[in-house]
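A short worksheet on the structure shown next.
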Amino acid sequence: MCEHISEILNDPWAVFAESIDRNPSDLSLSDGNIAPTLEHLWSSRRRISDSKWRWLCDICDVLEGGYDCEFGQSFDSLVVKFRFAASEYSIRMLPSSDFPESPPEVNSSLGDAFELNWNEDSTLLSICNEYGDQCSLLDVAVMECSEVDYPLKFIAWRLHPDEVDCITVELSLLDEEFGGEETRLTLVVEWHSPRSFPRSIYSSKPNRLRSVSFDRWDTSLSFGESLQRLFVRREDVDAEYV
Numbered sequence: 001m002c003e004h005i006s007e008i009l010n011d012p013w014a015v016f017a018e019s020i021d022r023n024p025s026d027l028s029l030s031d032g033n034i035a036p037t038l039e040h041l042w043s044s045r046r047r048i049s050d051s052k053w054r055w056l057c058d059i060c061d062v063l064e065g066g067y068d069c070e071f072g073q074s075f076d077s078l079v080v081k082f083r084f085a086a087s088e089y090s091i092r093m094l095p096s097s098d099f100p101e102s103p104p105e106v107n108s109s110l111g112d113a114f115e116l117n118w119n120e121d122s123t124l125l126s127i128c129n130e131y132g133d134q135c136s137l138l139d140v141a142v143m144e145c146s147e148v149d150y151p152l153k154f155i156a157w158r159l160h161p162d163e164v165d166c167i168t169v170e171l172s173l174l175d176e177e178f179g180g181e182e183t184r185l186t187l188v189v190e191w192h193s194p195r196s197f198p199r200s201i202y203s204s205k206p207n208r209l210r211s212v213s214f215d216r217w218d219t220s221l222s223f224g225e226s227l228q229r230l231f232v233r234r235e236d237v238d239a240e241y242v
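Going left to right, the sequence shown walks through residues 1 to 242 as full-length UniProt numbering numbers them.
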């Protein structure tokens, strides 16, 4: 980041201004009453782009907000990284040709799960704040789904490819009632409300679900506790959660 800041300080016009053609016979702006910065701008045959200037100001606001940033060449892109307990997330922003009248191009770890709502009051900082809040909610849900006890074991999670408000959670179940065999469970969970009953539950052994009483799911309990009520012997679970 220091290297980019030095680039701005050494020659800001080269980074944030565009070249223009000037006729040598044009009026010189060497008058002592003209600000040195304007004289420098004229002599460098460059003009400031309002869009680029606003992009720079917004980047500065993001930096002042304490975000972990990476920049593209000449600051033509901004990548902001977010680190939470369960995972890391990032968002990449590119300026539109008429920024900020049009929103920046956005690509993020959340894919379609993050919807950009751009208006006249929006800034790059407001995007980062909104994106960070959404990542935080998602991360809390992932942590909740990963905190399961034996004989359940958390394997992995991923964003659902079709339902943007859901994650897919992979678990294994060491099923002592069925000869100690391992069963793989796949659950589609709403990450805004991970304690709600899953949208769907799949099993590597479909017959295993026939003996499950799904009405035993309790939204007042944690995700892991409700799973215990479904898949662990009933008397053991009842004794623990009475």
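No residue lacks a Cβ here, since even glycine has one placed at the ideal position from N, Cα and C.
DSSP has Arg195 in a bridge; who is on the other side? The secondary-structure analysis by DSSP pairs Arg195 with nothing; it has no beta-bridge partner.
Quick check on DSSP: helix, strand or coil for Phe82? strand
Using 8 Å as the cut-off, can you tell me whether the stretch 188-195 makes contact with the stretch 209-229, which would need three or more C-beta pairs spanning the two stretches below that distance? yes
Using alpha carbons as the reference points, say which of Leu209, Trp118 and Leu56 lies closest to Ser74. Leu56
Could you give the distance in angstroms between the alpha-carbon of Gly132 and the alpha-carbon of Glu70? 16 Å
Rounding to the nearest angstrom, what Cα-Cα distance links Tyr150 and Leu227 in this structure? 11 Å
CB-CB under 6 Å to Val232, same chain, minus the five flanking residues each way: which ones, in chain order? none
Roughly how many whole angstroms lie between the Cα atoms of Leu230 and Asp98? Between the alpha carbons of Leu230 and Asp98 lies a distance of about 55 Å.
Please state whether DSSP places Leu221 in a helix, a strand or coil. DSSP places Leu221 outside both helix and strand once states are collapsed to three, so it counts as coil.
Return the first residue and the last residue of the beta strand (DSSP E) that Glu169 is part of. Correcting the residue type first, residue 169 is Val in the shown sequence and not Glu. Per DSSP, Val169 belongs to the beta strand (DSSP E) from Cys166 to Asp175.
On a CA-only basis, which of Leu138, Leu159 and His160 is nearest Arg83? Give me that one, please. Leu138
Could you give the distance in angstroms between the alpha-carbon of Leu209 and the alpha-carbon of Ser203? 7 Å
Assuming contact is defined by CB atoms lying nearer than 8 Å, are Ser90 and Lys81 in contact in what I supplied? yes
Just curious, the alpha helix (DSSP H) that Trp157 is in, first and last residue? Segment Leu152 to Leu159 is the beta strand (DSSP E) holding Trp157; no alpha helix (DSSP H) there.
With distances taken from CA atoms, which of Glu190, Leu173, Leu63 and Leu78 is nearest Ile167? Checked all of Glu190, Leu173, Leu63 and Leu78; the closest Cα to Ile167 is Glu190.
Environment of Pro100 [buried if 16+ CB atoms lie within 10 Å]: Counting other Cβ atoms within 10 Å of its Cβ, Pro100 reaches 16 or more and is therefore classed as buried.
Which residue spans inside the stretch 127-152 form an unbroken alpha helix (DSSP H) run of at least 4? Within the stretch 127-152, no complete alpha helix (DSSP H) segment of 4 residues or longer occurs.
Less than 7 Å between C-beta atoms, sequence neighbours within five positions excluded: which residues of the same chain meet that for Leu174? Pro151, Gly180 and Glu182
Out of Val148, Val164 and Phe154, which one is the CA nearest neighbour of Asp112? Residue Val164 is the option with its Cα nearest to Asp112.
What is the DSSP secondary structure of Val62, reduced to helix, strand or coil? helix
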